[in-house]
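Novice: Top line first, the protein sequences correspond to chains A and B. So the mapping is simple: the numbering used here equals the position in the first sequence, first residue as 1, plus 5. So the mapping is simple: the numbering used here equals the position in the second sequence, first residue as 1, plus 5.
2 protein chains.
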Amino acid sequence: MSVRRTNSQRVRIDDVARKAGVSTATVSRVINGTGTVSVATKERVNQAISDLKFVAHGSARGLAGTKTHTLGLVLPGLTTFFFTALIQGVNDCIYDRGYSLLMYSVSTPASMTSGKPLPLGEHNTDGLIVFTDFLDDYSIQYMHEQNLPIVMLHRSPPEGLDIPKIMFENEKGAFDIVEHLIQMGNRRIAYLKGPEGNEDSRQRELGYKRALAANNIPLDDSLIGRGNFASGRARNELESMLESGVKFDAIFAGNDDAAVGVYETLQKFNLRVPEDVAVAGFDDDYMSQYISPPLTTVKAPVHRSGFEAASTLLDLIEGNETSSEVRLNTELVIRESTQRGKHV
Amino acid sequence: MSVRRTNSQRVRIDDVARKAGVSTATVSRVINGTGTVSVATKERVNQAISDLKFVAHGSARGLAGTKTHTLGLVLPGLTTFFFTALIQGVNDCIYDRGYSLLMYSVSTPASMTSGKPLPLGEHNTDGLIVFTDFLDDYSIQYMHEQNLPIVMLHRSPPEGLDIPKIMFENEKGAFDIVEHLIQMGNRRIAYLKGPEGNEDSRQRELGYKRALAANNIPLDDSLIGRGNFASGRARNELESMLESGVKFDAIFAGNDDAAVGVYETLQKFNLRVPEDVAVAGFDDDYMSQYISPPLTTVKAPVHRSGFEAASTLLDLIEGNETSSEVRLNTELVIRESTQRGKHV
DNA sequence: GCGGTTACTGTAAACGCTTACTGTAATCGC
DNA sequence: GCGATTACAGTAAGCGTTTACAGTAACCGC
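1) Using a cut-off of 7 Å between C-beta atoms, extract the partners of Lys273/B located in chain A.
2) Tell me which residue opens and which closes the beta strand (DSSP E) that Ala255/A is part of.
3) Along chain A, in chain order, which residues have C-beta atoms closer than 8 Å to that of Val265/B?
4) Give the DSSP bridge partners of Leu76/A, in chain order.
5) With distance defined between alpha-carbon atoms, name the residue in Arg231/A, Pro223/A and Val32/A nearest to Arg209/A.
6) With a cut-off of 8 Å on the beta carbons, I'd call Ile134/B and Leu78/B a contact; round off their distance for me.
7) Kindly indicate if chain B contains any beta-carbon less than 8 Å away from that of His128/A.
8) Buried or exposed, going by whether 16 or more other CB atoms sit within 10 Å of the CB of Pro279/B?
9) Please report the straight-line C-alpha distance between Val60/A and Ser310/A, rounded to a whole angstrom.
10) Taking 8 Å as the CB-CB limit, is Met6/A close to chain B?
11) Does Ile155/A have its Cβ less than 8 Å from a Cβ in chain B?
12) Kindly list, in the order they appear in chain B, the residues whose Cβ is closer than 9 Å to that of Gly62/A.
13) Buried or exposed for Gln93/B, going by 16 or more other Cβ atoms inside 10 Å?
14) Using CA coordinates, which residue listed in Leu80/B, Asn51/B, Thr84/B and Val282/B is at the minimum distance from Val389/B?
15) Can you tell me which of the three DSSP states Met6/A falls into?
16) If you draw a straight line from the C-alpha of Asn12/B to the C-alpha of Gln151/A, how long is it?
17) Asn203/B CB to nearest chain A CB: under 8 Å?
18) Between Ile92/B and chain A, is there a C-beta pair that is closer than 8 Å?
19) Using a Cβ-Cβ cut-off of 8 Å, state whether Ser310/B counts as contacting chain A.
20) Exposed or buried, Ser328/A, counting other C-beta atoms within 10 Å across all chains shown (16 or more means buried)?
21) Opposite Tyr196/A in the DSSP bridges: which residues?
22) Please list the partners that Tyr100/A has in chain B, where partner means a Cβ-to-Cβ separation under 8 Å.
23) Taking Cβ positions, are Ala179/A and Gly132/A nearer each other than 8 Å?
24) Does Asn325/B get closer than 8 Å to chain A when you measure Cβ to Cβ?
25) Would you check if there are 3 or more beta carbon pairs closer than 8 Å linking the region 262-269 of chain A to the region 228-246 of chain A?
26) Would you say Pro124/A and Tyr291/B are within 8 Å of each other, going by their C-beta atoms?
27) Run down chain B in chain order and give the residues with a C-beta less than 7 Å from the C-beta of Asn260/A.
28) Would you kindly work out how many angstroms separate the C-alpha atoms of Met189/B and His128/A, rounded to a whole number?
29) Between Ala25/B, Leu321/B and Asp320/B, which lies nearest to Ile54/B when the distance is taken from Cα to Cα?
30) Here's the rule I'm using: 16 or more other beta-carbon atoms within 10 Å means buried, otherwise exposed. How should Arg15/B be labelled?
31) Pair every Cβ in the region 197-205 of chain B with every Cβ in the region 214-226 of chain B, then say whether three or more of these pairs are closer than 8 Å.
32) With 16 as the cutoff for other CB atoms within 10 Å, does Ser64/A come out buried or exposed?
33) Starting from the Cα of Thr130/B, find the closest Cα among Asp254/B, Asp142/B, Met108/B and Ile145/B and give me that residue.
34) Taking the straight line between their C-alpha atoms, what separation do you get for Val183/A and Asp142/B?
35) Is the Cβ of Gly286/B closer than 8 Å to any Cβ of chain A?
36) Are the C-beta atoms of Asn220/A and some chain B residue less than 8 Å apart?
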């Protein structure tokens, strides 16, 4: 009673085995570099593999072994150049180590509790890089308890869970740039926060406050708004601030995209950058050097953060040592948006 | 002789079956919506699934069935905002239809013949979206012959292969923008091509030439350079052109990123945009509205092209009708970089 | 020269699903 | 009212690997 459905032309491991005159077990050992195989046999097998253009069936490997050789990357909606660099970073790390990348961009808040589960998880990946606030703590905890290796990117893990995280030196970066703004003679410096609960934002706010304190500038809550790290929201927020009469001589926009929104609103109110208001961002997005005036910002190693997250996750999967937190250095990039006296 | 390795806590289909009081076959039917299952049973099964938080093991499904429920996306190195929108488009299409996205960004030319095979293919995906010139015709043909569904994005399939492709209306878009440049009084219009063999570029060049011809402007080969659709290359190319004394009053840069390079070089030579030289791009990248002066360009539906490619691929996989070519409309976006008389 | 390793290779049982085939009760046509 | 059909559900084979276990031959120490 043959139940074979497809009389597939697929080249299977036993085709390779037959051609090389060995058993499938040996072929498998050669492919995975496990066990011991004599040099001569190994050569014969590899020859057969390339002759037949054999590529192991991923699902079969995943089922038989325990590993899928696939990593999951969960992102918020893909916007800005930031994500491009990040994904490329992850990509660059994993292929050399034999893994593939499964991606999911959550565009709306989702969670394990709210209906359908994440399309990425224990069932199809060996581990997850989580870079989105849209995934709630409960879901992360659940997956962690299922022993799914996880790395948090630009976000802290839920309380008490031993999950590594990769961050920028946000606090220091923000401190540096606000310090720079102060040295350029600004005293009333506004700050636009990122999205609610965003870790990067929280840390940048700390840096902002520390710089003010270090220079004996009193904190003024009316100078703190929410730009959500997005040009649109920043535009609106700044507009309200201006309309309600808040005065300032500089703005730290939280990130570069928000800075773009700031530019627009300032222009609408006929305020010049940097003459009337100095503007600073964070990230050093690709476009920041090209907008007018070029934006002073903090260069964040985005590609590197993706790479580092992937690398840490692989270490976790392979049982190597990992540090529980990686902080990536940032660097102040001074351009014209904060330089008074230079013409635009 | 039990060979069970992991005493895994994983919830399996038989756990669900037991809980719902049915056979695994029935659970499978419910999950996949195949066969006939009574409403009452279906409900019971779904209840059990969500109670147990059951998610089918991807590899097991892939092995038992014929489908991996995964699509592959092959890209050139991830640069510019363009890719972000594209990936998001693919993402937005497939998840609703129950597929996952496996991504690979080839940063260097690779092929099936040259050593290791592509990490994406028949062995781990149900189909491929190919958007890169780095993958040679031979590899594509090989995979096509293995009956792997393929869709080409912004690139033509190898000669004679029946593979659908998704393109922008490049020829028309280029025609429109060059026509616009001509109407603004420009006669000597330079064009910067994209990378060698790039299909978008070829079509844009046709549009460029047709617009010239339609306006009785003789074609001057010295006005055509290669910007590779990248700011760096465009910068250098334009520099050589200027240094060798080529004169022009407008530049169609091929795409927006190249236009950015053009801006830089013109600035270096103290040429103003648009007073001395009008500049136009293609794509309408996120940053194009923000650079100075805002760039006149052709808005290309990038997100939509990703969506459309995915949708076509799924149709192919599911055996639905597909058109062999989809051309997406473009739209002229006039900004200041081509408007003489308006101040910058 | 003999027991104990060591180096290599083969056999065959999982892995967790899907689905062809079979069975059974209910329904239908006339 | 009876054979044929239909709707639903179960049984179990098989998908293409990996790997525990079982050899077997060569080698080692003494």
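C-beta: ideal position from N, C-alpha, C; glycine also. Note that the structure is predicted; figures quoted are calculated from it, not measured.
Specialist: Put simply:
1) As a first step, residue 273/B is located in the second sequence; it is residue number 268 there, counting from the start. Taking a Cβ-Cβ cut-off of 7 Å, Lys273/B has no neighbours in chain A, whose nearest Cβ is about 14 Å from it.
2) Counting from one through the first sequence, the residue named residue 255/A turns up at place 250. The continuous beta strand (DSSP E) containing Ala255/A extends over residues Ala255 to Phe257.
3) The residue labelled residue 265/B in the question sits at position 260 within the second sequence. Result: Tyr295.
4) Mapped onto the first sequence, residue 76/A falls at position 71. According to DSSP, which records beta bridges pairwise, Leu76/A is partnered with Leu106/A and Gly132/A.
5) In the first sequence, the residue the question calls residue 209/A occupies position 204. Comparing alpha-carbon positions, the option among Arg231/A, Pro223/A and Val32/A lying closest to Arg209/A turns out to be Arg231/A.
6) For the purposes of this step, residue 134/B is identified with residue 129 of the second sequence, where counting begins at 1. For the purposes of this step, residue 78/B is identified with residue 73 of the second sequence, where counting begins at 1. Confirmed, Cβ separation roughly 5 Å.
7) Locating residue 128/A in the first sequence gives position 123, where the first residue counts as 1. Judged by the 8 Å Cβ criterion, His128/A is in contact with chain B.
8) Here residue 279/B refers to the residue found at position 274 of the second sequence. Buried is the call here.
9) Residue numbering aside, residue 60/A sits at position 55 when the first sequence is read from its first letter. Residue numbering aside, residue 310/A sits at position 305 when the first sequence is read from its first letter. When rounded, the distance between both Cα atoms is 31 Å.
10) Mapped onto the first sequence, residue 6/A falls at position 1. Confidence at Met6/A is low in this model, with a pLDDT of 33, below 50, so its placement is unreliable and the value that follows should be read with caution. It does not: the Cβ of Met6/A has no partner Cβ on chain B nearer than 8 Å.
11) Numbered from 1 along the first sequence, position 150 holds the residue referred to as residue 155/A. Chain B, which has no Cβ nearer than 8 Å to the Cβ of Ile155/A, makes this no.
12) Looking up residue 62/A in the first sequence gives position 57. For the record, residue 62/A in the displayed sequence is His; it is not Gly. Neighbours of His62/A on chain B, chain order: Gly67, Leu68, Glu127, His128 and Asn129.
13) Stepping through the second sequence from its first residue, residue 93/B is reached at position 88. Buried, because 16 or more other Cβ atoms sit within 10 Å of the Cβ of Gln93/B.
14) Outside the shown range of chain B (6 to 349) lies residue 389/B, about which nothing can therefore be said.
15) Counted from its first residue, the first sequence places residue 6/A at position 1. Caution applies to Met6/A, whose pLDDT of 33 falls short of 50 and renders its modelled position unreliable; the model cannot decide the point.
16) Counted from its first residue, the second sequence places residue 12/B at position 7. Counted from its first residue, the first sequence places residue 151/A at position 146. The pLDDT assigned to Asn12/B is 47, lower than 50, so where the model puts this residue is not dependable, and the model offers no usable value.
17) On the second sequence, residue 203/B is found 198 positions in, with the first residue counted as 1. The Cβ of Asn203/B sits no closer than 8 Å to any Cβ of chain A.
18) What you label residue 92/B is simply residue 87 of the second sequence in a count that begins at 1. With 8 Å as the cut-off, Ile92/B counts as an interface residue toward chain A.
19) The residue labelled residue 310/B in the question sits at position 305 within the second sequence. Not an interface residue.
20) Within the first sequence, numbered from 1, the residue matching residue 328/A stands at position 323. For Ser328/A, the number of other beta carbons within 10 angstroms of its own is below 16, and it is reported as exposed.
21) As a first step, residue 196/A is located in the first sequence; it is residue number 191 there, counting from the start. DSSP lists Ile229/A and Phe257/A as partners of Tyr196/A.
22) The sequence position of residue 100/A within the first sequence is 95, counting from 1. Neighbours of Tyr100/A on chain B, chain order: Tyr109 and Pro124.
23) Position 174 of the first sequence, counted from the start, is the residue given in the question as residue 179/A. Position 127 of the first sequence, counted from the start, is the residue given in the question as residue 132/A. The criterion of a C-beta distance shorter than 8 Å is not satisfied by Ala179/A and Gly132/A.
24) Translated into the one-based positions of the second sequence, residue 325/B becomes position 320. No, its Cβ sits nowhere closer than 8 Å to a Cβ of chain A.
25) Output reads yes: the region 228-246 of chain A touches the region 262-269 of chain A.
26) For this step, residue 124/A is matched to residue 119 along the first sequence. For this step, residue 291/B is matched to residue 286 along the second sequence. In this structure, Tyr291/B does not lie closer than 8 Å to Pro124/A by Cβ.
27) The count along the first sequence starts at 1 and reaches residue 260/A at position 255. Contact of Asn260/A with chain B by beta-carbon distance below 7 Å is absent, the smallest such distance being about 14 Å.
28) Locating residue 189/B in the second sequence gives position 184, counting from the first residue. Locating residue 128/A in the first sequence gives position 123, counting from the first residue. Straight across, the Cα-Cα distance linking Met189/B with His128/A is about 59 Å.
29) Looking up residue 54/B in the second sequence gives position 49. Ranking Ala25/B, Leu321/B and Asp320/B by CA distance to the CA of Ile54/B puts Ala25/B first.
30) The sequence position of residue 15/B within the second sequence is 10, counting from 1. Flag for Arg15/B reads exposed.
31) Cβ pair count under 8 Å is below three, so no.
32) As a working note, residue 64/A is residue 59 in the first sequence. Per the 10 Å Cβ criterion, buried.
33) Counting from 1 along the second sequence, the entry for residue 130/B is found at position 125. Out of Asp254/B, Asp142/B, Met108/B and Ile145/B, Met108/B has the C-alpha closest to the C-alpha of Thr130/B.
34) As a working mapping, residue 183/A is identified with position 178 in the first sequence. As a working mapping, residue 142/B is identified with position 137 in the second sequence. So the alpha carbons of these two residues sit roughly 53 Å apart.
35) Counted from its first residue, the second sequence places residue 286/B at position 281. No, Gly286/B does not count as interfacial toward chain A.
36) Position 215 of the first sequence holds residue 220/A. No, its Cβ sits nowhere closer than 8 Å to a Cβ of chain B.
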